[in-house]
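Data block below; observations after.
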Amino acid sequence: MAKIAVLGYGVVGSGTVEVFYKNKESLEKKAGQEMDIKYILDIRDFSDSPYKDKFVKDFNIILNDPEVTVVAEVIGGLKPSYDFVKSSLEAGKSVVTSNKELVAAKGAELLAIAKAKNVNFFFEASVGGGIPIIKPLHACLSANEIDEIAGILNGTTNFILTKMIRDGMDFEKALKIAQELGYAERNPSADVDGHDACRKICILASLAFGKHVYPESVHTEGITKITLEDVEYCDSADCKIKLIGCAKREGEGKISIGVFPAVIKDESQLAGVNDVFNAILVRGDATGDVVFYGKGAGKLPTASAVVADIVSAVKHSGTSKSLTWADSTQDFIKDFSDFACANYIRLSSKNVDVSKAVIKALFGDVTYLSRKNQPDNELAFVSGVMTEKDTLNAIEKVSDSAELLGRIRVLDY
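Going left to right, the sequence shown walks through residues 19 to 431 as our numbering numbers them.
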């Protein structure tokens, strides 16, 4: 019988235990042997839990128990998760995790340890919650050179933007509702500032392109500067604003990567992804575009992926089936100043005619947008494709005749 330890009994941890015991019989058939959860690690007391006899507060009990062959880490964060996971792998135990921060920061190191110890390190739940994306990238799409990955990777920000677009709410009100519904934390920075999406695109890019991409190497922006005025202008052009994480294979062995709000056309496969749903577009050289869609977070969707990895770890005990990528310096990441795209720009002009002449000189031919109740001194337009460096230079120069109110990149997916 395979014995499992679950580290953490919060939302995902309790969901993992729930899904495991609810479907235990069918899971054992898939794993090829009987399984049971021997320990649940948490510093809190759960005296009313039906699993109260399984709770321990000392990780060393788990680490030093040779019967435990699989550890499921669902604590989150780097401390103490990193130490627990590393120690478990070094002790010859397979590890599964939902911890995107851990995988994004330490994935290459932990995968190398797993390979050396002939155990497994699985992390399907770290990206997309219950959406299967890690294993399909590694297995089903392995015949492809992955040219590009782009997606809506954070359910909280997608919910907020959906409220702004559908219901005409401003950012602060939409955020408050997200917090009331439990979609956003009291401190929402990880979501609304783009850090969560950044960690996820780092994991996907590392897997797709074979080299570890560290979050600090990725240009990251959130949605806090998006206004209802921006939403209205984009709606007039049959477009939506989404927080997009994207990574693309470029020439000379380099990739471009970033996380930022983007204007995308209504007919895009990503534009219709609303509320807390996620969608990930993978562009392969043989398959073309493949889209993975579903709830990207939540107790049971994430727990589903954790439990599936537990089954895989048990089934492949004694054989390393872990994914892999190489640790690396970050010189294969193209400087973001060279990133090229069109731009939506909104200005408050001191003199509209003068500003339009300056815009023409700096941006070339542009498409002007309009909205209801548009102030006479407000200009909004979409530029042609320009590099980040050239766009910022043009914005700086146009500031002599107008004040910048908003700038959002325009992507074609």
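All C-beta atoms in this analysis are idealised placements derived from N, C-alpha and C, irrespective of residue type, glycine included.
Residue nearest to THR409 within the set SER335, ASP60, PHE354, VAL29 is PHE354 (criterion: CA-CA distance).
Listed as beta-bridge partners of MET53 by DSSP are ALA20. In this structure VAL88 touches VAL332 by the C-beta definition: roughly 6 Å separates them, less than 8 Å. In the DSSP assignment, no residue is bridged to THR245. Residue nearest to GLY28 within the set GLU46, ASP60, LYS21 is ASP60 (criterion: CA-CA distance). Taking the C-beta atoms as reference points, LEU96 is found nearer than 9 Å to ALA123. Taking C-beta atoms under 8 Å as the contact rule, GLY146 and GLY314 qualify, at a distance of about 5 Å.
Each residue's CA atom was taken as its position, placing CYS158 and PRO150 some 11 Å apart. With a beta-carbon spacing of about 6 Å, LEU107 and LEU128 fall inside the 8 Å limit used to define contacts.
For ALA161, the CB contacts under 7 Å within the same chain, skipping 5 residues up- and downstream, are ALA304 in chain order. In the three-state scheme derived from DSSP, where H, G and I count as helix and E and B as strand, ASP371 is classed as helix. Per DSSP, the beta bridge partners of TYR386 are PHE399. In this structure, ASN176 keeps its C-beta atom at 9 Å or more from the C-beta atom of PHE141. Excluding its 5 nearest sequence neighbours in each direction, ASP356 has C-beta neighbours in its own chain below 8 Å: SER274, THR405, GLU406, LYS407, listed in chain order.
Sequence-distant Cβ neighbours of LEU423 in its own chain, meaning closer than 7 Å and more than five residues away, are ARG364, LEU365, SER366. VAL428 and THR245 have their C-alpha atoms spaced approximately 16 Å apart. Distance between SER99 and GLY382, taken at the CA atoms: about 52 Å. Shown here, ASP253 sits in a helix according to DSSP, grouped into three states.
With contacts defined by Cβ atoms closer than 9 Å, PRO233 and CYS252 do not form a contacting pair. Taken through DSSP and simplified to helix, strand or coil, SER65 comes out as coil.
Taking ALA196 as the centre and dropping the five residues before and after it, the same chain places the C-beta of THR174, PHE177, ILE178, ALA202 closer than 7 Å to its C-beta, in chain order. A straight line joining the alpha-carbon of ALA126 with that of LEU387 spans about 46 Å. DSSP places ALA420 in no alpha helix (DSSP H) but in the uninterrupted beta strand (DSSP E) bounded by 420-428. Of the candidates LYS368, ASP349, SER112, LYS153, ASP349 places its Cα closest to the Cα of GLU270.
About 13 Å separates the beta carbons of GLY26 and LYS317, which is beyond the 8 Å limit, so they are not a contact pair. Cβ-Cβ separation between LYS104 and VAL86: approximately 16 Å, too far for a contact (criterion under 8 Å). In the DSSP assignment, LEU171 falls outside any beta strand (DSSP E), carrying neither H nor E. Of the candidates LEU225, ALA420, ILE328, the residue whose Cα lies closest to the Cα of LEU397 is ALA420. The DSSP-derived three-state label of SER274 is strand.
For ASP307, the enclosing beta strand (DSSP E) covers residues 306-313. Residue pairing by DSSP places PHE139 opposite VAL113 in a beta bridge. Of the residues ILE262, VAL277, GLY302, the one whose Cα lies closest to the Cα of VAL291 is ILE262. According to the DSSP assignment, ASN296 belongs to the beta strand (DSSP E) that extends over 295-302.
In the displayed model, SER99 falls within a helix according to three-state DSSP. With three or more CB-CB distances shorter than 8 Å, the segment 235-244 counts as touching the segment 180-195. Taking the Cα positions, ALA375 is about 58 Å away from VAL114.
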